[in-house]
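Each protein sequence line maps, in turn, to chains D and A. Be aware that the first sequence starts at 261, since it is given in this note's numbering, and climbs by one per residue. Be aware that the second sequence starts at 150, since it is given in this note's numbering, and climbs by one per residue.
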Amino acid sequence: MKKILFVMFAVLFAAVSLEAQKADRDNYKIMVDGLGCPFCAYGLEKKFKDFKGIKNVKIDVETGEFTFTYPSDKPLSVDKVAKQVDLAGYTPISTEIRRADGTVEKSEDVEEVVAPEDAVEASLFVAGNCNMCRSRIVKAAKSVKGVFTAEWDKETKMLTVEMDDSVAEKEYVARAVATAGHDTKTAKADTKVYKQLPGCCRYKRIK
Amino acid sequence: MNQSNIFYLFFISVLFFSCAAPVKQWEEKSIIQLEGINPLGMAKTENGFWISDSDNNNLINMDNDGKIISTIPDFERPMHISIFNNEVYVPEYGTDTIVKINNGEKIKLELNDSLDAPAGVDVLGDKMGIADFYNHRILFKNGDEYSSIGKEGHGDGELYYPTDVQIFNDWVYVADAYNNRVQVFDFEGNVKQVIGADQGMNAATGLFVSEEYLFVTDFENDRVLVFDNTGNLLQEITENMNKPTDVILANGKLYIANYKGKNIIVLE
């Protein structure tokens, strides 16, 4: 009888400890765009595993869902997490954090923009290789004030934007994508930024 | 040149070209559809395949029709696998280890060097080659001796994120993925041949070499390139390709693993 009681208490204690442990951790979920190559996608998972305190790191290549848990006494902000994913060379679309105390923080939803009828279309060559490059290039182009839409073709390497040409210029777009790590014919990526891109994104540089 | 000489030359030419063996063209015969499996690596058995499903962290044994015989779960990103003496060798990208499967048991191999994201392994007798992805090299084991083949770079003999390796005769063939080519080394690490660099590949992720052919999966371009053993391109396979990652030739049939397509294409 004593043995049975002892085992019951031990199991109860273990269960309570586990719940307490979970309660001390925040749950992070980031939607990452453009994942397609498993060799690089698993690299993001691996990189984040190096952070002290991080656990349960998992990436779903098909959906782009990247999740992990982190101690709640060292909270990371939505912006900081997105920036870390960005620095690793990947393109975060949205971030959601479920704190241990039950509160939820989310990044702002990005609204789909429709170009007005008088928008001007412009095209430029942007070096890149894969879908992760596409996501990064499009995000950088859309960050330029006055740019409504952007599409990058992986085969032709041509970026096509629709913009308000009273506010935006093709050269601004070129500089923005170069800042993100992609060479254009008029603006070149910083070598340090280029070298931080995932392996599959290290396109042949424009001379 | 008189008429009889011209006739003679013409006759010899006709004889020569009619005797030249036509180049074999691989044609699709069937598709093995895989339910819920994203195949990355593949190795042939007598009755079927071992498949590494890296997205779901499983190693799967299936028959030639794609019916699952057994599943070994709980890997951390199993990549390009190898079979030798009925034992399956599995590089685990997530744990930087090589695991051997013996009668369903996982045995972690002790190596005299450390890996960083092993993406492929090949075992042949007492030799082992490991595509050491983030270290940009092949860790080569010959008996009890270890050596490094290649180093990070884009020149001949240098590697940039290698993802697959095969030891064939006295050579080490390497899928030099993000240099978009295959390189062939001797056991001392000297480069003998560079293949496919002029073919516009975009991520040469998997390879298979036989006496007659070299097959290379061109991942981002959704195709498999077929070369002869001197590096001449013979064929470009594009039909039903959807992010191919691995290829094997067995018993006269060519098997191509489509990672995104979740299937294996069979050609003859």
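Using N, Cα and C, we set each Cβ at its ideal position, and we do this for glycine too.
| query | result |
| --- | --- |
| Whose CA, out of L258/A, E254/A, I414/A and A399/A, lies closest to the CA of Y362/A? | A399/A |
| Just to confirm the assignment, what range does the beta strand (DSSP E) spanning S201/A have? | G197 to D202 |
| Tell me where the beta strand (DSSP E) around L288/A begins and ends. | R286 to N291 |
| Report yes or no: do the stretch 309–324 of chain A and the stretch 333–343 of chain A share at least 3 C-beta pairs separated by less than 8 Å? | yes |
| I'd like to know if the stretch 374–390 of chain D and the stretch 327–345 of chain D are in contact, where contact means that at least 3 CB-CB pairs between them fall below 8 Å. | no |
| N391/D lies in the alpha helix (DSSP H); which residues open and close that run? | N391 to K402 |
| Mind reading off the beta-carbon distance from V358/A to F317/A? Whole number of angstroms is fine, and I expect it under 8 Å. | 5 Å |
| Got a sec: is the Cβ-Cβ distance from G388/D to anything in chain A below 8 Å? | no |
| Anything in chain D within Cβ reach of E369/A, meaning under 7 Å, just list it in chain order. | N389 and C390 |
| Determine the DSSP secondary structure at R465/D, reduced to helix, strand or coil. | coil |
| Bridge partners of A382/D, per DSSP? | V421/D |
| So, does the stretch 388–408 of chain D touch the stretch 428–435 of chain D, judging by three or more C-beta pairs under 8 Å? | yes |
| Which partner residues of F376/A appear in the DSSP bridge assignment? | L363/A and L382/A |
| Measure the Cβ-Cβ separation of I217/A and A192/A and say whether it is below 8 Å. | no |
| Three-state secondary structure (DSSP) at Y309/A? | coil |
| Just how far apart, CA to CA, sit G338/A and M211/A? | 36 Å |
| With a CB to CB cut of under 6 Å and the five nearest residues on each side skipped, what residues in its chain are close to I405/A? | V373, P393, V396 and I414 |
| The stretch 210–238 of chain A: which residues have C-beta closer than 7 Å to a C-beta of chain D, in chain order? | R226 |
| Is the distance from the Cβ of F224/A to the Cβ of N252/A below 8 Å? | no |
| Along the chain, where does the alpha helix (DSSP H) containing K255/A start, and where does it finish? | Premise fails: K255/A lies in the beta strand (DSSP E), E254 to K257, not in any alpha helix (DSSP H). |
| Once you ignore the five residues that flank R394/D on each side, which residues in its own chain have a CB closer than 8 Å to its CB? | G294, G388, W412 and K414 |
| Find the nearest neighbour of N412/A within the set I180/A, D319/A, A280/A and T379/A, judged by alpha-carbon distance. | I180/A |
| Among A410/D, V386/D, F311/D and S354/D, which has the Cα closest to the Cα of G324/D? | S354/D |
| Below 7 Å on C-beta distance, what does V321/D contact in chain A? | D204 |
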